[in-house]
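*Asks:* Quick one: structure below, then a few questions.
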Amino acid sequence: MAYKLDKYDFKILHELDKNSRSPASEIAKKARLSKVSVSQRIRRLQKEGVIKSFMTQVDYRKLGYNICHVFYKLQNISSANEESFYSFLSKHNLIGYAARIDGNFDTYLVVIYQSNEQLDEALTEINNKFGQFIKERNILPVVHAQYFGRRYLAKEKEQAIEPVIRGKPKEIIGLDEISHKILQVLSQNARLPIIDLAEKSVE
């Protein structure tokens with residue numbers, strides 16, 4: 000059964016989708032609620048599993064990364080081997096997303112990589128380990144992407160989200176070790192307080 004949300008829940012989720020680091024006080028003003036009420040609702044949405052995590056939108060192209068979508072059609076694979084397949088994918092450091100799908104293919108991956116050699120190495124690794132179960136593979140590199148946010152959370156026209164555009168960058172931004180660590184920590188929890196973020200970034 001779908002979890003029932005009221006208009007305030009939708010507004011809070013919409014604001015978090017636009018900027019997951021928005022403080023409760025700022026969201027409270029836009030939702031016309033108290034800061035305490037917003038904090039309580041966020042905790043309740045987490046407890047009920049409506050909010051799984053607080054995501055950070057990173058423009059990977061500016062960091063020198065590319066992305067491609069990979070589709071697999073599997074064959075003659077047991078349940079145990081299928082679980083091993085998805086477990087392997089979930090632990091691979093170049094795979095940002097994996098899903099079981101219906102249709103002409105069974106599996107969908109998002110691979111994030113810096114060079115064609117790196118992409119080839121990752122796909123070869125998958126093929127070497129599970130090639131006997133792979134009937135067909137389709138690779139689609141992403142040239143230009145626009146992320147429109149979760150528009151179903153916007154209940155009013157003025158709540159529309161400006162798209163996040165990922166195209167060819169004018170320049171590649173180099174990051175030092177600490178900056179990389181900050182992004183890594185933020186990708187796991189975008190609402191982590193600055194003090195905790197500082198501590199985890201120097202561990």
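Residue numbers are given in numbering that gives the first Met the number 0: position 175 of the sequence shown equals residue 174, and the series is strictly consecutive. Just so it is clear, CB atoms sit at the ideal spot from N, CA and C, and this is done for glycine as well.
1) Which residue comes first and which comes last in the alpha helix (DSSP H) that contains residue 145?
2) Buried or exposed, going by whether 16 or more other CB atoms sit within 10 Å of the CB of residue 129?
3) Which value, in whole angstroms, describes the spacing of the CA atoms of residue 148 and residue 58?
4) So the alpha helix (DSSP H) residue 139 belongs to, where does it begin and stop?
5) For residue 65, tell me which candidate among 150, 175, 194 and 143 has the shortest Cα-Cα distance.
6) Closer than 7 Å by C-beta to residue 172: which residues in its own chain qualify, once you throw out the five before and the five after it? Chain order, please.
7) Determine the closest residue to residue 137 out of 29, 7 and 107, with distance taken between C-alpha atoms.
8) Compute the Euclidean distance between the alpha carbons of residue 33 and residue 26, then round it to the nearest angstrom.
9) Where does the unbroken alpha helix (DSSP H) through residue 13 begin, and where does it stop?
10) Quick one: grab the DSSP three-state call for residue 62.
*Replies:* The answer reads as follows:
1) No alpha helix (DSSP H) holds residue 145; the beta strand (DSSP E) holding it covers 144 to 146.
2) buried
3) 14 Å
4) Careful: residue 139 lies outside any alpha helix (DSSP H), inside the beta strand (DSSP E) at 133 to 140.
5) 143
6) 61 and 62
7) 107
8) 9 Å
9) 6 to 17
10) helix
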